[in-house]
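Residue numbers (this note's numbering), protein chains in the order written: chain A, 1 to 221; chain B, 1001 to 1221. The beta carbon of each residue, even a glycine, is placed where N, CA and C say it ideally should be. Predicted, not measured: the structure shown is a model, and the values here were computed from it. To keep things clear, I will list the structure first and then write my remarks on it.
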Ligand SMILES: Nc1ncnc2c1ncn2[C@@H]1O[C@H](COP(=O)(O)OP(=O)(O)OP(=O)(O)O)[C@@H](O)[C@H]1O
Ligand SMILES: Nc1ncnc2c1ncn2[C@@H]1O[C@H](COP(=O)(O)OP(=O)(O)OP(=O)(O)O)[C@@H](O)[C@H]1O
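Given below as structure tokens:
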């Protein structure tokens, strides 16, 4: 059975732990705040009070045996980086860390962290870009939380028809246009029909709520 | 010209302000932390030291005249909700707030906030869902005597297709995945196809016996 260590139980960490736990995974939740650890008993297999910068403690908790570690330790770069270093040295095969800044991200990358996340920054930039745009669909931004965005056709979509993909039902986003080719051979198919098929290299113009469009980013990675 | 009020300049707020400002918008940035306000002068039209729960101050700043307000005020629900209420009462047509929790979100909705965001929660749930999935790579490390290792694409490989490299024949290792980019733009191409080309900066994930992988190290130096 897969075992995960979630180190730091702020908003981000608590949600990671809870989601994994509810999916039936073995979750070791770590924080140095007693109240938080107490609450974590409800969403983790094991909730432990510990200082994540203490390598000996981490080792005694069996962190070296987990399949993945997720680190989100608050506003101090040194604390977060040190914990990531220890977890790396303990040989954990997959480490994800919520970074405080781009520079922090580069340090984490240098020490071998596998996944570095900037959720507030990503969401902030998306919001700002939407608020700043003057679109044909200008009135749409007033529909709270909706955005028009473009993504390259993910490999999983290529060769499939819109009817088959059923984006509205599966991902709650609507494909409003497909742009194929570029330069003089560029074509744009607005309000595509159900039998249209997505081709490699197509640009998909999607309408949806930000939270649903965010999910597509995973496809498009 | 569009004018935006960004109230609260933590990670989220600062990125909203900076993005809008760099897009040429008129940005009024508000925070009650003097150091933060000082730094904000670099990414806002006007950076003001003020307590966002003080309606009189907000009014004197001309918040009632902005096109949209973006509020992200930290860990206190009362502070955030009060600021949102004032901004709403001042008649700002579009208000976006970073919520602390689902319950906080419901309160914000009740007072008429137009857009409520949960960036850490959304990202956390996506990460957890992905980690919980069984990927092709999971069982590979269990092949006895074999190792999965990663190397940076050696210069000799860059620009060449897998078919052309014929790693299995020449070096007795199998390329099981190529990882390109990093951080939020990281992509992983699992079981790449023969025509895929290796790019500078790619991380090659290889399966093979240690002695064969060792030989690759010579390439990768
Ligand atoms: N050295 C440490 N050892 C263990 N836990 C720590 C340590 N330092 C901080 N923490 C915990 O990490 C958690 C970090 O959460 P916090 O809310 O500060 O921030 P965050 O990671 O910036 O954000 P978010 O709320 O978005 O998850 C807190 O619960 C805190 O108690
Ligand atoms: N009453 C207030 N008036 C003005 N500014 C405030 C007030 N209360 C808090 N702030 C500011 O709001 C900002 C909130 O940022 P903080 O980093 O605490 O959190 P956040 O909103 O949880 O998260 P993030 O870092 O993800 O943006 C801080 O810069 C703080 O100084």
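Does the distance from the CB of residue i to the CB of residue j come in under 8 Å?
| i | j | result |
| --- | --- | --- |
| residue 130 (chain A) | residue 1117 (chain B) | no |
| residue 204 (chain A) | residue 125 (chain A) | no |
| residue 1208 (chain B) | residue 1173 (chain B) | yes |
| residue 28 (chain A) | residue 1132 (chain B) | no |
| residue 1197 (chain B) | residue 1159 (chain B) | yes |
| residue 71 (chain A) | residue 80 (chain A) | yes |
| residue 1052 (chain B) | residue 1083 (chain B) | yes |
| residue 66 (chain A) | residue 4 (chain A) | yes |
| residue 184 (chain A) | residue 162 (chain A) | no |
| residue 149 (chain A) | residue 206 (chain A) | yes |
| residue 1015 (chain B) | residue 120 (chain A) | yes |
| residue 171 (chain A) | residue 1128 (chain B) | no |
| residue 1177 (chain B) | residue 1189 (chain B) | yes |
Residue i versus chain B: which residues are under 8 Å apart at the beta carbon?
| i | result |
| --- | --- |
| residue 129 (chain A) | 1019 and 1023 |
| residue 157 (chain A) | Near residue 157 (chain A) there are no residues of chain B at all, since even the closest Cβ is about 15 Å away, more than 8 Å. |
| residue 77 (chain A) | Near residue 77 (chain A) there are no residues of chain B at all, since even the closest Cβ is about 13 Å away, more than 8 Å. |
Only counting the same chain, and skipping five residues up and downstream in sequence, which positions put a Cβ closer than 7 Å to that of residue i?
| i | result |
| --- | --- |
| residue 1144 (chain B) | With a pLDDT of only 47 at residue 1144 (chain B), under 50, the local geometry of the prediction cannot be trusted, and the value read off the model is given with reservation. Cβ within range, chain order: n/a, list empty. |
| residue 1112 (chain B) | 1088 |
| residue 1001 (chain B) | 1026 |
| residue 90 (chain A) | 58, 59, 63 and 64 |
| residue 99 (chain A) | 105, 108, 116, 117 and 118 |
| residue 114 (chain A) | 94, 95 and 96 |
| residue 186 (chain A) | 179 |
| residue 34 (chain A) | 49 |
| residue 1077 (chain B) | 1100 and 1104 |
Less than 6 Å between C-beta atoms, sequence neighbours within five positions excluded: which residues of the same chain meet that for residue i?
| i | result |
| --- | --- |
| residue 31 (chain A) | 9 and 37 |
| residue 18 (chain A) | 43 |
| residue 1167 (chain B) | 1173 and 1175 |
| residue 68 (chain A) | 4 and 94 |
| residue 46 (chain A) | 28 |
| residue 1055 (chain B) | 1086 |
| residue 153 (chain A) | 198, 202 and 204 |
| residue 1181 (chain B) | 1187 |
| residue 13 (chain A) | 6 and 72 |
Can you pull the chain A residues whose beta carbon is under 8 Å from the beta carbon of residue i, in chain order?
| i | result |
| --- | --- |
| residue 1088 (chain B) | Near residue 1088 (chain B) there are no residues of chain A at all, since even the closest Cβ is about 13 Å away, more than 8 Å. |
| residue 1015 (chain B) | 120, 121, 124, 125 and 128 |
| residue 1195 (chain B) | Near residue 1195 (chain B) there are no residues of chain A at all, since even the closest Cβ is about 12 Å away, more than 8 Å. |
| residue 1192 (chain B) | Residues of chain A passing the Cβ test: none, with the nearest at roughly 11 Å. |
For a contact meaning CB atoms closer than 7 Å, what does residue i contact in chain B?
| i | result |
| --- | --- |
| residue 32 (chain A) | Near residue 32 (chain A) there are no residues of chain B at all, since even the closest Cβ is about 17 Å away, more than 7 Å. |
| residue 11 (chain A) | 1120 and 1121 |
| residue 215 (chain A) | 1126 |
Residues of chain B with a CB under 9 Å from the CB of residue i: which are they?
| i | result |
| --- | --- |
| residue 151 (chain A) | Neighbours of residue 151 (chain A) on chain B: none; closest Cβ ~12 Å, over 9 Å. |
| residue 70 (chain A) | 1124, 1127, 1128 and 1131 |
| residue 211 (chain A) | 1117, 1118 and 1122 |
Apart from the five residues just before and just after residue i, which ones in its own chain have a Cβ nearer than 8 Å to its Cβ?
| i | result |
| --- | --- |
| residue 1085 (chain B) | 1111 |
| residue 1041 (chain B) | 1047 |
So residue i contacts chain A; which residues on that side make the cut at Cβ distance below 7 Å?
| i | result |
| --- | --- |
| residue 1096 (chain B) | 127 |
Can you tell me whether residue i sits near ligand 3, meaning its C-beta is under 7 Å from at least one heavy atom of the ligand?
| i | result |
| --- | --- |
| residue 120 (chain A) | Ligand 3 is absent from the structure shown, which contains only ligand 1 and ligand 2. |
> Does the stretch 1006-1020 of chain B come within contact of the stretch 207-216 of chain A, defined as at least 3 CB pairs closer than 8 Å?
Replying inline: no
> Which whole runs of the beta strand (DSSP E) in the stretch 1007-1067 of chain B are 3 residues long or more, in chain order?
Replying inline: Look at the stretch 1007-1067 of chain B and you find these whole runs of beta strand (DSSP E), each 3 residues long or longer: 1026-1031 and 1046-1049.
> What residue ranges within the stretch 1063-1114 of chain B form continuous beta strand (DSSP E) runs of no fewer than 3 residues, ordered along the chain?
Replying inline: Unbroken beta strand (DSSP E) runs of no fewer than 3 residues, entirely contained in the stretch 1063-1114 of chain B, are found at 1068-1071 and 1095-1098, following chain order.
> Can you list the alpha helix (DSSP H) stretches of 4 or more residues lying completely in the stretch 165-217 of chain A, in chain order?
Replying inline: Uninterrupted alpha helix (DSSP H) stretches at least 4 residues long and entirely within the stretch 165-217 of chain A occur at 167-171, given in chain order.
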